[in-house]
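Take a look at the structure set out below.
In this note's numbering, the protein residues as written are 375 to 1043.
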């Protein structure tokens, strides 16, 4: 039975088992065939379970590149709310989206489309000609924008938007951009919203390739242009090997490579002064990568499709700016940097041999002028009324005095304010070589002061005084005193020599620079004694602060001590007393003439220096030197004015019956 079972026909169980195995093999082959056919039919991005697609790999490389070179933003510190410094950080644009205090306004103003609290999807519609309107008036911002942002920017970290750009027709080049958004631009062209950018250029075709190298160069946006540096340029500061340091200017957010005061005279550089100086705070913004693929970018950041303006609608340069996607650099990054990049920004010299009067004048004038234009744009009627009233006041004051005749010789005359100014100007113009030579003494005196103060403040330790702490304060005080003494004595000699020269000219004698100074030096004891006595008295009163008005009055009372010494031969203290007698009762006249003469002589140098800045490409230090030299050469004008004022006071005191009619020559003694 057993043998028969082993060799006989297959049993039912055996047949069933064999057919099951065969069926399983057939099914397995079929499944494998179907899967193979399915794989062959799938797109390339779906092949290989667990492997990233080509697009995903590219985006990962872009993110890795953006994270590796993320910038360090060095913002000017603001110690007091609404005070000096930079109040705004590079912001996530989400802080202004879905905010009910922000409106999206159509190109037809209030009669058109108005959406409150617009979303990223709203902006993604394009909306060319639309404006985002934030709470506040950009022409009169006050502290409104700062307080508003401080209230909403509580959870979102500082952010920069990275974007990788390749450009058709520019092979083997790739740009990595970082876009920074600030809610408000507080520069000469104040406006809501502000987009700035820095970009790194690589010799690569893809982000993955760029990851293996350093950038060729870096460009920092500044107003309508940008400044460029090679990656190994000493002016480029890099932290932790790969992170470039950027210095945004307080208010304008123009990006610079160092801490300094920068001066611009064009739209590309900005017309005015950008300041990155002072204590600063390092911000490392969170990097949000906007994919280079347009569709992916719109999917991840819908607002990148917005074609309107990121700020309130205003006239001209006060209008809100367009966003990154509307800039030429967004798609033509390499060409844009090649065509608009420059190698240097012009920093205002700190100090210098003859000061910074020209650059200071330029910065303050541009700032003041921009304020005037802004107020005119905001409230033209009110400003025109104020300017008209001011013009009428000036005309009234000018008509209050007599300007003719102006007789520069026979100096012992009675003169009105206008006649005194004209007589001084005519005398200077008639002997300009002489008076320029007299005033030029202040140039070497300024050089001596600059060197002496530098030696005192920054020189080696001496007499146990260190450079920092309280000793540093003592050094600064000593430098100030030494500078005052050297320049004070120099100005005193210039005024004295000018007065002696005027006396000689009036008497018909020949006089030159050397003889004028010889006559002045012959009186050095009373001159120096009067200067030191007046300085101690006025300085002591000024230190009390509360007696500053008294000190100012004493300055006016002592204004004529130089001509008193020259023309009357008085001693030090006697000259101060005599000057006070002559000025008493004529304090306003003395203040007007002293102030006008100092203003005309002091403003001439900075004005000429500012012209040099505007019309030439000369270094800023040269403009400051020109301003200093012009100022020195005009100082004799003050001496001439004080001499004429002295004789006017004497005539009024000695000739009470003097004819006061402007139609005749002034009375004389």
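In this text, a Cβ means the ideal position worked out from N, Cα and C, and glycines have one as well.
Practice item. Please list, in chain order, all residues of the same chain as residue 700 whose beta carbon is under 7 Å from its beta carbon, the five residues on each side excluded. Key: 681
- Message: Buried or exposed, going by whether 16 or more other CB atoms sit within 10 Å of the CB of residue 804?
- Response: exposed
* What whole-angstrom Cβ distance do residue 540 and residue 645 have, given they're in contact under 8 Å? -> Rounded, the Cβ-Cβ distance is 34 Å, inconsistent with contact.
Open item on the list: Can you tell me whether residue 864 is helix, strand or coil according to DSSP?
Closed with: helix
Under 8 Å between C-beta atoms of residue 984 and residue 736: yes
Could you tell me which residues DSSP puts in a beta bridge with residue 602? 593
Problem set entry | Coil, strand or helix - residue 517 by DSSP | coil
State the start and end residues of the unbroken beta strand (DSSP E) segment that holds residue 569. 565-576
**Asked** The alpha helix (DSSP H) with residue 704 in it runs from where to where?
**Response** 702-705
Just to confirm, is the Cβ distance from residue 512 to residue 686 under 8 Å? yes
If we ignore side chains and look at the alpha-carbon of each, how far apart do residue 948 and residue 635 end up? 48 Å
**Asked** So the beta strand (DSSP E) residue 557 belongs to, where does it begin and stop?
**Response** 548-559
Quick check: the Cα distance between residue 811 and residue 692, rounded to an integer number of angstroms? 48 Å
Given this structure, state the Cα-to-Cα distance separating residue 640 from residue 717, to the nearest angstrom. 15 Å
With which residues is residue 613 paired in a DSSP beta bridge? 617
**Prompt:** For residue 1038, is the classification buried or exposed, using 16 other Cβ atoms within 10 angstroms of its Cβ as the cut-off for buried?
**Reply:** Annotation note: pLDDT 47 at residue 1038 (below 50); position unreliable, coordinate value reported separately. That one is exposed.
Identify, in the order they occur along the chain, each residue of the same chain with its Cβ nearer than 6 Å to the Cβ of residue 509, setting aside the five sequence neighbours on each side.
475, 522
* Asked: Which whole-angstrom value describes the C-beta separation of residue 333 and residue 488, a residue pair presumed to lie in contact below a C-beta threshold of 8 Å?
  -> This structure cannot speak to residue 333, because the chain is shown only from 375 to 1043.
- Query: Over what stretch of residues does the alpha helix (DSSP H) that includes residue 983 continue unbroken?
  - Reply: 961-989
Quiz item: Are residue 531 and residue 660 closer than 8 Å when you measure CB to CB?
Solution: yes
| message | With H, G and I counted as helix, E and B as strand and the rest as coil, what does DSSP make of residue 456? | response | coil
#### Entry: Collapsed DSSP secondary structure at residue 640 in the structure displayed
strand
query = With DSSP run on the structure shown, which of helix, strand or coil describes residue 622?
reply = strand
Kindly give me the distance between the Cβ atoms of residue 953 and residue 1011, rounded to whole angstroms, as I take these residues to be in contact under 8 Å. No, residue 953 and residue 1011 are not in contact; Cβ-Cβ is about 20 Å, not under 8 Å.
Q.
Please state the DSSP three-state secondary structure of residue 1023.
A. helix
Quiz prompt | 8 Å Cβ cutoff met for residue 1006 and residue 764 | solution = no
I'd like the list of long-range same chain contacts for residue 1132, defined as Cβ closer than 6 Å, with 5 residues on each side in sequence excluded.
Within the shown structure, residues of the chain are numbered from 375 to 1043, placing residue 1132 beyond reach of any answer.
>> Taking the alpha carbon of residue 657 as the reference point, which residue from 534, 940, 779, 569 has its own alpha carbon closest?
In response: 534
Secondary structure at residue 451, three-state DSSP: helix, strand or coil? coil
* With distances taken from CA atoms, which of 607, 662, 713 is nearest residue 444? -> 662
Q. For residue 647, which beta-bridge partners are listed by DSSP?
A. 637
message = I'd like the span of the beta strand (DSSP E) that includes residue 533, first residue to last.
response = 533-539
Rounded to the nearest angstrom, what separates residue 527 and residue 768 at their Cα positions? 49 Å
Whole-Å CB distance - residue 872 paired with residue 809, under 8 Å assumed: 7 Å
For residue 963, the nearest candidate out of 980, 927, 825 (CA to CA): 927
Quick check: what's the CA-CA separation for residue 957 versus residue 1019? 9 Å
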